[in-house]
Amino acid sequence: MDVLFTFVPRENQQERLQAEFPEVNFRFLYKNKSFLPTADIVVTYGEDLTAEDIESADNLKWIMVASAGIEKMPHAAIAKKGIIVSNVKGIHKTPMAESALAHLLSLKRSLPFIYENQRNREWNRKTKSSELAGSTAVLFGPGAIGSEIGRLLQAFGVKTIGCNRSGNDAEYMDEMVSIENVSAVLPNADIVLSVLPSTKETYHLLKKEHFQAMKEDAIFMNLGRGDLVEDQVMLEALESGEIGYAILDVFEEEPLPADHPYWKMDNVIISPHVSSHSGKYVERALDVFIPNLHAWIKGDKSPSNPVDMKRGY
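Quick note, the sequence shown lines up with residues 510 to 822 if you use the numbering used here.
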């Protein structure tokens, strides 16, 4: 059996795989797809496979995506050949939840102001610090990541309102609302946070009227996908004062162009798609992949975290 990694794990991680599966031929090649035609399984971050690659992959039966997002993959080509796709949904919850809390606490406790004064050697105690306690957060996508964010927010005394398609209950949410009815709760939100994936349903989901419904001092945070909001809508909401602050980890165009207005705006934090980064990332991905590969070798062709390429998640 041939397993192709289109990225290169650390040496100890490669050794872990080879020791666990001495009968498997692993190839760890950074964006080198020359062995794709013979690969039975491909492990990828999901951004480097084209329709032509899939067409050339004569033996390919399973693609394991070492991330949660699959929007850049050739969906139609994969679905046409009946290739099984799975991802590592859930492994991002710890780093992303910590990123969300770090950004929120940084703003609430005036850390950018404090750090700037330190750089300027200025003893300035006129902070505008506030607290998370007693605030309300609306979370779009209260799944594994959103629920973990909710758990931490609740520990800080924040009321959490989850928002999904159905409005059905989710863990660590004090209330739930459907996407259709979210405008009813946005006026009460101090924090609006999204970890939604990119699908046909979420494309430009948030519109001008949603931002108009938010508080003028609301903090909007997008850790999901950049196409949730049309860039011009986001920009106008910030420039017009419809919201107070935006913490953006994802953008419609990445990398964000050097001449984009966001770079010079005082009410924007630009996080270059790094909220999920962690030194433990690949290790956690392997913790998902290894049991699935054991099962695959034994004949179980139903890996955990299956992805429906037609639905997009």
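Where a beta carbon is used, it is the ideal one built from N, C-alpha and C, also for glycine.
Identity of the residue in the options nearest residue i by Cα
| i | options | result |
| --- | --- | --- |
| residue 550 | 537, 748, 561 | 537 |
| residue 520 | 690, 791, 714 | 791 |
| residue 605 | 655, 597, 583 | 655 |
| residue 782 | 601, 652, 801 | 601 |
| residue 662 | 678, 642, 808, 677 | 642 |
| residue 688 | 648, 801, 665 | 648 |
| residue 678 | 737, 801, 659 | 659 |
Rounded separation between residue i and residue j - CA only
| i | j | result |
| --- | --- | --- |
| residue 708 | residue 632 | 48 Å |
| residue 510 | residue 548 | 8 Å |
| residue 592 | residue 571 | 6 Å |
| residue 699 | residue 727 | 5 Å |
| residue 680 | residue 755 | 25 Å |
| residue 804 | residue 595 | 14 Å |
| residue 560 | residue 553 | 15 Å |
| residue 811 | residue 524 | 25 Å |
| residue 787 | residue 807 | 32 Å |
| residue 575 | residue 514 | 10 Å |
| residue 724 | residue 714 | 19 Å |
| residue 586 | residue 795 | 26 Å |
| residue 768 | residue 628 | 25 Å |
| residue 530 | residue 815 | 22 Å |
| residue 799 | residue 526 | 8 Å |
| residue 789 | residue 517 | 15 Å |
| residue 625 | residue 555 | 38 Å |
| residue 623 | residue 634 | 8 Å |
| residue 745 | residue 567 | 49 Å |
| residue 621 | residue 638 | 11 Å |
Status (buried if at least 16 other CB within 10 Å, exposed otherwise) for residue i
| i | result |
| --- | --- |
| residue 636 | exposed |
| residue 542 | buried |
| residue 450 | Residue 450 lies beyond the residue range present for the chain, which begins at 510 and ends at 822; the question has no answer from this structure. |
| residue 772 | exposed |
| residue 820 | exposed |
| residue 609 | buried |
| residue 540 | exposed |
| residue 674 | exposed |
| residue 710 | exposed |
| residue 612 | buried |
| residue 690 | exposed |
| residue 671 | buried |
| residue 784 | buried |
| residue 565 | exposed |
| residue 644 | buried |
Check whether residue i and residue j have beta carbons under 8 Å apart
| i | j | result |
| --- | --- | --- |
| residue 747 | residue 774 | yes |
| residue 562 | residue 545 | yes |
| residue 653 | residue 599 | yes |
Contact test: residue i Cβ vs the ligand NAD heavy atom, cutoff 7 Å
| i | result |
| --- | --- |
| residue 518 | Questions concerning the ligand NAD fall outside what the structure shown contains, since it holds no ligand whatsoever. |
Supposed contact pair residue j and residue i - C-beta distance, whole angstroms, cut 8 Å
| i | j | result |
| --- | --- | --- |
| residue 667 | residue 646 | 5 Å |
| residue 704 | residue 753 | Rounded, the Cβ-Cβ distance is 20 Å, inconsistent with contact. |
| residue 718 | residue 735 | Contact flag wrong, Cβ pair sits at about 20 Å. |
| residue 580 | residue 617 | Not quite, the Cβ-Cβ distance comes to about 32 Å (not below 8 Å), so this is no contact. |
| residue 797 | residue 597 | 5 Å |
| residue 729 | residue 686 | Going by Cβ atoms, the distance from residue 729 to residue 686 rounds to 17 Å, so no, they are not a contact pair. |
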